[in-house]
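Residue numbers (this note's numbering), protein chains in the order written: chain A, 75 to 419; chain B, 75 to 419.
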DNA sequence: GTTAGCACTCTCTTCGATAGAGTGCTAACC
DNA sequence: GGTTAGCACTCTATCGAAGAGAGTGCTAAC
């Protein structure tokens with residue numbers, strides 16, 4: 075069956091009405107509200123066709139229609155009108171990033187806040203992965219007679235600390251010397267791909283401090299493997315409870331459970347990492363069973379041409395895709411700018 | 075009216091039955107299940123008396139009774155039997171703390187996990203406040219030509235980093251020297267009470283690096299004021315949704331909202347900071363309106379004789395107080411031991 | 001191809017009846 | 001005087017029937 079212009083109009087009307095009302099949409103509503111110039115009966119015929127094509131579903135015989143996952147997909151891909159954010163919203167977003175660009179934690183918190191506040195959906199941000207961005211500096215801060223704190227700083231501004239044992243009575247100057255050597259050889263490398271040459275040279279040059287080199291390497295690989303290495307930040311999770319489809323406690327629990335163990339979401343969110351542009355994943359397209367009633371709107375943000383992390387919105391399938399896509403797009407662009415500037419500085 | 079022995083037994087039976095079942099308790103249940111040797115009619119008389127005394131409530135005429143806040147209070151204060159954890163549970167808890175005592179983040183995460191897993195209630199931990207425990211060390215890790223990372227380590231193991239601008243082209247040795255001076259003068263002081271003498275001496279000794287001293291002091295006060303300075307950690311928040319009293323989405327939302335903005339909880343949790351022993355706050359006794367259906371079981375943990383933070387369990391008023399108190403007590407003691415050992419080391 | 005008309009289906013709400021749980025009161029009992 | 005059996009009463013929860021309402025699909029006419 076061909077999807078002619080009128081069918082497309084009808085589908086779009088149904089999707090948008092359902093997005094707005096959360097109620098199955100009947101033929102009369104469409105005919106009256108969207109002024110297609112035909113009678114409800116005609117709309118009914120079209121709806122029957124659209125249902126046959128798998129684009130619409132009927133909760134039960136005497137209810138209206140709701141979009142199927144496939145229907146949403148078609149809507150997002152070809153029917154949805156791209157909207158631009160209002161100048162006011164744009165200004166607000168830019169402003170936030172102009173103020174603070176130093177502390178990465180604050181930066182991401184603000185990003186979450188913007189995403190949530192402008193859309194009322196749950197916001198997810200995948201932070202700069204420590205393993206993918208190059209080491210900038212490794213510092214050793216003396217603590218007690220026999221311990222020091224190792225501080226790792228990456229190009230993207232990620233900072234991590236770990237305790238480290240040092241030979242008792244080692245002089246502070248020696249520690250500084252060691253951190254200089256460590257930094258010199260590891261600088262510019264990414265943690266997931268430390269070069270063997272670099273490691274060999276470290277052992278050579280710091281032969282007297284073998285244990286420190288060993289601990290350092292162990293700590294670095296530990297940081298790589300740890301959760302903080304690619305932290306998932308979540309905000310506005312509760313807004314999902316305002317959506318009528320999650321009034322049911324058990325559905326709500328399933329979604330909120332993902333936030334409790336936020337690692338489950340990491341993969342879903344980072345699925346399109348490295349792909350440019352805004353990605354929309356609808357319902358069953360999500361890997362996670364628990365997300366089958368949700369849609370994810372995500373985009374990778376960049377430092378120059380390197381993917382750094384992901385920003386995303388998670389809402390019900392019945393979400394305002396136009397708005398969500400627009401917001402995610404702007405936030406991604408702005409964030410990419412910020413990160414790209416940092417590396418240039 | 076006098077609260078004689080039998081009334082106390084009846085009240086205890088009602089509280090415990092209601093805790094277990096979440097259903098209003100009738101006179102027959104009490105008479106049969108708790109073998110007081112009297113008939114339901116007698117129990118009914120006692121119940122009427124207890125209600126008159128404000129210890130019980132009746133949802134409606136033909137339902138059984140439930141404890142009032144005052145009833146719970148009496149139960150917790152004088153009727154509840156203190157229980158000891160099983161040797162197995164004790165062993166498990168000790169074991170966790172024996173393994174890892176270095177990274178404070180991991181330590182607290184494990185504490186949360188223990189609290190949740192043994193009780194199935196929401197767990198809260200107030201981390202070591204940075205302002206209250208003495209500075210151990212301040213380090214400056216060179217980053218770029220004109221920036222460095224300031225690392226603050228406190229006695230309790232709290233670590234914070236902040237970016238800092240340095241005069242362009244400053245030598246690394248100078249930075250190390252500066253951090254040595256900073257550490258020397260600030261060591262042992264707490265951030266909320268930096269001595270004026272120390273600050274004066276810093277400006278004296280580091281006259282050439284006035285801007286660095288200024289920034290350092292600013293950063294330190296910033297850390298004091300920031301959220302991380304006394305971070306609230308939450309775990310197992312969703313378990314509250316398993317409680318029948320929170321099946322209602324709006325009640326659930328109120329509670330979960332507190333987790334979203336976790337700062338709201340800080341004050342409630344730290345209310346008894348510095349008081350030794352386990353504290354129980356029931357229903358309306360809580361400062362927060364949203365906690366009126368909840369009880370909080372909390373205890374301060376210590377580093378020597380100094381209060382460091384708080385561990386707490388948050389559950390429905392109808393919570394298993396015996397278990398909760400026992401768990402919080404053991405966790406507090408163990409955690410205090412760990413922190414006290416750290417300072418000795 | 002479009003539309004009016006209509007029978008039909010399904011859900012949701014309302015209402016009344018009923019069962020069940022639990023109470024309070026009274027009168028008898030020890 | 002405390003205790004208890006008996007009983008009427010109250011309130012809730014559940015179930016089924018009835019009716020309203022929304023929306024459909026089909027048919028026949030335009």
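Glycine included, every Cβ here is placed at the ideal spot set by N, Cα and C. The model shown is predicted, which means the values in this text are computed figures rather than measured ones.
For residue 414/B and residue 262/B, what's the separation of their Cα atoms in angstroms?
By one-based count along the second chain, residue 414/B stands at place 340. By one-based count along the second chain, residue 262/B stands at place 188. Straight-line Cα distance between these residues: approximately 16 Å.
Taking residue 152/B as the reference, which of 82/B, 161/B, 326/B, 365/B has the closest Cα?
By one-based count along the second chain, residue 152/B stands at place 78. Looking at the Cα atoms, 82/B is the closest of the given residues.
In the stretch 253-330 of chain B, which residue ranges form an unbroken alpha helix (DSSP H) of at least 4 residues, counting only runs that do not cross its ends?
270-279, 284-299
Counting beta carbon pairs with one atom in the stretch 138-153 of chain B and one in the stretch 377-388 of chain B, are three or more of them shorter than 8 Å?
no
Does the beta carbon of residue 118/A sit closer than 8 Å to a beta carbon anywhere in chain B?
The residue you call residue 118/A lines up with position 44 of the first chain. It does not; no Cβ of chain B falls within 8 Å.
Using a Cβ cut-off of 8 Å, pull out every chain B residue sitting near residue 327/A, in sequence order please.
As a first step, residue 327/A must be located in the first chain, where it is residue number 253. Chain B residues near residue 327/A: 312, 315.
Report yes or no: do three or more beta-carbon pairs, one from the stretch 334-343 of chain A and one from the stretch 357-364 of chain A, lie closer than 8 Å?
yes
In whole angstroms, what is the alpha-carbon distance linking residue 180/B and residue 408/B?
Reading the second chain from its first residue, position 106 is the one you call residue 180/B. Reading the second chain from its first residue, position 334 is the one you call residue 408/B. One Cα belongs to residue 180/B, the other to residue 408/B, and the distance between them is close to 15 Å.
With residue 423/A as the anchor, note down where its alpha helix (DSSP H) starts and where it stops.
Any answer about residue 423/A is impossible in this case: the structure gives chain A only from 75 up to 419.
Tell me which same chain residues have a C-beta within less than 7 Å of the C-beta of residue 155/B, skipping the five on either side of it?
In the second chain, the residue the question calls residue 155/B occupies position 81. Hits under 7 Å: 396.
If we cut at 8 Å on Cβ distances, does residue 211/B have a partner in chain A?
Within the second chain, the letter at position 137 stands for residue 211/B. So yes, residue 211/B belongs to the interface.
Nearest chain A C-beta to residue 365/B closer than 8 Å, yes or no?
In the second chain, counting from the first residue as 1, residue 365/B sits at position 291. The beta carbon of residue 365/B does not come within 8 Å of any beta carbon belonging to chain A, so the residue lies off that interface.
Hey, is residue 331/A's beta-carbon within less than 8 Å of any beta-carbon in chain B?
In the first chain, counting from the first residue as 1, residue 331/A sits at position 257. Interface residue, yes.
So that I know if they touch, is there some Cβ in chain A lying closer than 8 Å to that of residue 334/B?
Against the second chain, residue 334/B aligns to sequence position 260. True, the Cβ-Cβ gap to chain A drops below 8 Å.
Measure from the C-beta of residue 250/B to each C-beta in chain A and report whether the shortest distance is under 8 Å.
The residue given as residue 250/B occupies position 176 in the second chain. At least one CB of chain A lies nearer than 8 Å to the CB of residue 250/B.
For a quick check, are the C-beta atoms of residue 214/A and residue 249/A less than 8 Å apart?
By 1-based counting over the first chain, the position of residue 214/A is 140. By 1-based counting over the first chain, the position of residue 249/A is 175. Cβ distance < 8 Å, so residue 214/A and residue 249/A count as in contact.
Rounded to whole angstroms, what is the Cα-Cα separation between residue 331/B and residue 160/A?
In the second chain, residue 331/B corresponds to position 257, counting from 1. In the first chain, residue 160/A corresponds to position 86, counting from 1. Roughly 30 Å between the two C-alpha positions.
Residues in its own chain within less than 7 Å of residue 147/B by CB, not counting five upstream and five downstream?
Within the second chain, residue 147/B is the residue found at index 73, counting from 1. Close CB contacts of residue 147/B within its chain, under the 7 Å cut and outside five residues either way in sequence, are with 356 (chain order).
Can you give me the C-alpha to C-alpha distance between residue 369/A and residue 170/A, rounded to a whole angstrom?
Within the first chain, the letter at position 295 stands for residue 369/A. Within the first chain, the letter at position 96 stands for residue 170/A. Each residue's Cα considered, the two are about 27 Å apart.
Kindly list, in the order they appear in chain B, the residues whose Cβ is closer than 7 Å to that of residue 217/A.
Working through the first chain from its first residue, we reach residue 217/A at position 143. Result: 210, 211, 227.
Our contact map puts residue 401/B next to residue 192/B with C-beta atoms below 8 Å; I'd like the distance itself, whole angstroms only.
Within the second chain, the letter at position 327 stands for residue 401/B. Within the second chain, the letter at position 118 stands for residue 192/B. That pair is a contact at about 5 Å.
Shortest alpha-carbon distance to residue 388/A belongs to which of 374/A, 136/A, 109/A, 190/A?
Within the first chain, numbered from 1, the residue matching residue 388/A stands at position 314. For the set 374/A, 136/A, 109/A, 190/A, the Cα lying nearest the Cα of residue 388/A is the one of 190/A.
Could you tell me the distance, in whole angstroms, from the CA atom of residue 78/A to the CA atom of residue 123/A?
Here residue 78/A is taken as the residue at index 4 of the first chain, counted from 1. Here residue 123/A is taken as the residue at index 49 of the first chain, counted from 1. Each residue's Cα considered, the two are about 11 Å apart.
Check the C-beta distance from residue 352/B over to residue 399/B and give it rounded, since I have them as a contact under 8 Å.
Your numbering for residue 352/B matches position 278 in the second chain. Your numbering for residue 399/B matches position 325 in the second chain. Confirmed, about 5 Å.
Output needed for residue 216/B: all residues of its chain with C-beta closer than 7 Å, excluding positions within five of it in sequence on either side, in chain order.
Here residue 216/B refers to the residue found at position 142 of the second chain. The residues 222, 246, 249, in chain order, have a CB closer than 7 Å to that of residue 216/B in the same chain once the five nearest residues on each side in sequence are set aside.
Of all the options 274/A, 243/A, 282/A, which has the alpha carbon lying nearest to the alpha carbon of residue 252/A?
As a position in the first chain, residue 252/A is number 178, starting the count at 1. For residue 252/A, the nearest C-alpha among the options comes from 282/A.
For the alpha helix (DSSP H) containing residue 344/B, list its first residue and its last residue.
Position 270 of the second chain, counting from 1, holds the residue named residue 344/B. From DSSP, the alpha helix (DSSP H) with residue 344/B extends over 337-344.
How many whole angstroms separate the CB atoms of residue 210/B and residue 228/B, which I take to be in contact at a CB cut-off of 8 Å?
Your numbering for residue 210/B matches position 136 in the second chain. Your numbering for residue 228/B matches position 154 in the second chain. Right, their Cβ atoms sit about 6 Å apart.
Does DSSP classify residue 75/B as helix, strand or coil?
Here residue 75/B is taken as the residue at index 1 of the second chain, counted from 1. Note: residue 75/B maps to coil in three-state DSSP.
Going along the stretch 343-363 of chain A in order, which residues come within less than 9 Å of chain B, judged by CB to CB distance?
none
Quick one: Cα of residue 244/B to Cα of residue 238/B, how far?
Residue 244/B sits at position 170 when you count from the first residue of the second chain. Residue 238/B sits at position 164 when you count from the first residue of the second chain. Cα atoms of residue 244/B and residue 238/B: separation of roughly 13 Å, rounded to the nearest angstrom.
Helix, strand or coil, according to DSSP, for residue 381/B in the structure here?
As a position in the second chain, residue 381/B is number 307, starting the count at 1. The three-state reading of DSSP puts residue 381/B in strand, counting E and B together.
Looking at the secondary structure, which residues open and close the beta strand (DSSP E) in which residue 217/B lies?
By 1-based counting over the second chain, the position of residue 217/B is 143. Run containing residue 217/B: 209-218, per the beta strand (DSSP E) assignment.
For residue 77/B and chain A, any beta-carbon pair shorter than 8 Å?
Counted from its first residue, the second chain places residue 77/B at position 3. Any Cβ of chain A closer than 8 Å to the Cβ of residue 77/B would place that residue at the interface, and such an atom is absent.
Which residues in chain A sit within 9 Å of residue 323/B, going by Cβ to Cβ distance?
Along the second chain, read from residue 1 onward, the residue named residue 323/B stands at position 249. Simply 315, 320, 321, 322, 323, 326.
Contact criterion: CB-CB distance below 8 Å. Does residue 237/A meet it with respect to chain B?
To locate residue 237/A, count along the first chain from 1; it is residue 163. By this cut-off, residue 237/A is an interface position.
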